[in-house]
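Asker:
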DNA sequence: CGTGTAAGGAATTCTGACACG
DNA sequence: CGTGTAAGGAATTCTGACACG
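Chains as they are written, first to last, in our numbering: chain A, 2 to 108; chain B, 2 to 108.
#1: Taking the Cβ atom as the reference point for each residue, do residue 21/B and residue 54/B lie within a distance shorter than 9 Å?
#2: Just confirm the distance between the C-beta atoms of residue 48/B and residue 10/B, as a whole number of angstroms; I'd bet it's less than 8 Å.
#3: Under 9 Å between the Cβ atoms of residue 37/B and residue 61/B?
#4: Is there at least one Cβ from chain B nearer than 9 Å to residue 16/A's Cβ?
#5: So with CB distances below 8 Å, who are the chain A contacts of residue 13/B?
#6: Using Cβ-Cβ distances below 7 Å, what residues of the stretch 49–60 of chain B are close to chain A?
#7: If you run the structure through DSSP and keep just helix, strand and coil, what is residue 6/A?
#8: What did DSSP end up calling residue 86/B once you bin it into helix, strand or coil?
#9: Check each candidate in 16/A, 63/A, 69/A and name the one with the smallest Cα separation from residue 45/B.
The following block contains the structure:
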C-alpha cells in the first residue's frame, strides 16, 4: 500500500541513465546478466522502477569493488531464497495458529 | 522521507498518457492552463511525477463534470492558500511554545 | 568480462498553427 | 474552451555486431 510507487515500472532508460550516471549500454548489459528486470511498454521500450534504480546503485558499488556480474547475481538469488524460506515458515506458523485458535495475525 | 518517490519527476509524457488515458495534447494543454507543472529533462522533454498523475486523475473527473480548467485552477489555488495559512499558524504556535518553554514539538 | 561505438530503423517528443464549435 | 491534426525537426530507443583486453 505504502511504497506502491517504488515498484511501478514507469521510467525510461534515458532517465535512469541520468539518475544513476550509468550509460545505456551498461544498463542494458546488467539486464542481459539478469541483475535487473525492466518491463516493456507497448512500443517495446524498457521501463524501470525506483526499485530498479536502487538496485543499480548497489550494482555500481559491487562492480567498483571488482565483483563480477555473475557473483552479484548469485548473491541476489541467495537473498531471494532466504526471503522465500522465511515467508514459507511464517505463513506456516500463521496457518497453524489460525487452524488451532482462529486467531487473525497481523501480517 | 516516506513518499519521496511520489514527487520525483521522472515519467515521460508517453507513459503518463498510457496510465491516464489522456492524449498528449490534453496533458500539454493542462500544463498551459497551469494545472500541472512538469519539469524538463536536460534535452527538454517533460517529466512528470506520480503526484502529477494523481492530479491529472482528479482533473479528468472535474472536466467530465463540466468544470472549466480556469475554475479547477481557482480551486487548486484556494486549497494551496489554506494549506499555507495553516502552516503559518502552526509554525507560529510552535515558535511561541518554543520561545516560552523551550519545548521541541514534533512537526 | 564489461563497455564503447558506428549503423540503421522505428518510435517519441517538441513547438506553433489551423480547425471546430 | 478543449481537443484533434498535419508538419518538420531533433532526440530517444532498439537490436545485433565488431572491438579491446
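Here a beta-carbon is modelled for each residue, glycine too, at the ideal position from N, C-alpha and C. Only a predicted model underlies this, so the values are computations on that prediction, with no experimental measurement involved.
Answerer: Well, looking at it:
#1: yes
#2: 4 Å
#3: no
#4: yes
#5: 13, 16
#6: 51
#7: coil
#8: helix
#9: 16/A
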